Amino acid sequence: MTIGSEEQATKMDDLYVKSESLRIADECVREFGLDDRASILSLIPKNSIGAEIGVFTGMFSEKIISIVNPTKLYLVDWWEKQGEYFGDWGKYTDFGRLNTADAKSAVRYRSREYAKRETVELVESESVDWLSRQPECSLDWVYLDTDHKYGQTLEEIRIAASRLRPGGMILGDDWYPDYRHVHAGVMLAVNDFVRESDYNILIAGRANQWLIMKCPEVGELEGDAE
């Protein structure tokens, strides 16, 4: 069965009947540019190993699976570890009425066929804790979409960078160049990490997405030109 099939739609309808808040959350994700956000995924190498950290209801996870076709995808979120309900993120969480278990059920259903083949693994964990437990050079990419605060994001980026294979990338959501924006911490954290490291910003802004990679050595660039 493929993602987006009629059977899947029917099952999601069943979940929506159980949780009106889940339906509202998914409508918000679609409304606020799900397809536009997914355009950045074409830059991720196919058949790679990566992690989406901050999964919510798994709608973006579906995009990752269908576009990237990863050989291994870790879907990492707090879900029930943060409590019975998400915080009040406005309409996204139906003003704090969205049950974390219902969101996790949606993710489990949306990824179920790939999970059976052990391609997808759901991990209920705090982001920094999970990243810290991963071996060095174990990931090709990490997509971050967590609390968007400066300190948390900077720590996530630093640890993620130490777990990437050569040529790996870190990317994520909610890049806003306005210092007054509630999610400005993402932009500030990315900029500060680039200043302290040998990473470059390749993308920043379109559909509020960003992507950074390590700069190649000058000799590597000269070798490519020969």
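Residue 846 in the numbering used here sits at position 51 of the sequence shown; the count goes up by one each step and never skips. Ideal placement from N, C-alpha and C gives every residue a C-beta, glycine not left out. Note that the structure is predicted; figures quoted are calculated from it, not measured.
7 Å Cβ shell around residue i - same chain, five flanking residues per side excluded
i      : result
Gln947 : Thr941
Leu997 : Leu1006, Ile1007, Met1008
His978 : His943, Asp969, Tyr971
Endpoints, the alpha helix (DSSP H) within which residue i is located
i      : result
Leu893 : Unbroken run through Leu893: none, as it is neither H nor E.
Trp925 : 922-927
Val871 : Val871 -> not in any alpha helix (DSSP H); beta strand (DSSP E) instead, spanning 867-872.
Leu829 : 829-833
Ala820 : 815-826
Tyr994 : Premise fails: Tyr994 lies in the beta strand (DSSP E), 994-999, not in any alpha helix (DSSP H).
Ser856 : 854-863
Ala910 : 907-911
Same chain, Cβ closer than 6 Å to residue i, five either side skipped, listed in chain order
i       : result
Pro761  : In the structure displayed, the chain extends from 796 to 1021; residue 761 sits before or after that span and is not available.
Tyr945  : Gly980, Leu983, Ala984
Val824  : Met854
Ala1002 : Gly828, Asp831, Arg832
Leu959  : Leu934
Glu1021 : Residue placement at Glu1021 is poorly supported in this model, since its pLDDT is 47, which falls under 50; the coordinates are not used for a value here.
Cys932  : Arg960
Neighbourhood of residue i by C-beta distance below 8 Å, restricted to the same chain and skipping five residues each side
i      : result
Ala910 : Arg903, Glu916, Leu917
Tyr866 : The residue you asked about is not Tyr; residue 866 is Thr in the sequence shown. So the qualifying residues of the chain are Asn842, Ser843, Ile844, Thr914.
Glu921 : Trp873, Lys876
Asp889 : Glu815, Ser816, Ile819, Ala820
Ser837 : Ile862
Where residue i falls: helix, strand or coil (DSSP)
i       : result
Gly885  : helix
Ile839  : coil
Glu879  : coil
Leu1016 : In this predicted model, Leu1016 has a pLDDT of only 44, less than 50, meaning its place in the structure is not dependable; the value taken from the coordinates is given anyway. Correct three-state label for Leu1016: helix.
Beta strand (DSSP E) segment containing residue i, residue limits
i      : result
Ala846 : 844-848
At 3 residues or longer, and completely inside the stretch 913-992: list those beta strand (DSSP E) runs for me, N to C. Those beta strand (DSSP E) runs which fall completely within the stretch 913-992 and span 3+ residues are 915-919, 934-939, 959-967.
State whether the stretch 963-974 contacts the stretch 1004-1011, with contact taken as three or more CB pairs (one from each stretch) at a distance under 8 Å. In this structure the stretch 963-974 touches the stretch 1004-1011; the number of beta carbon pairs closer than 8 Å is three or more.
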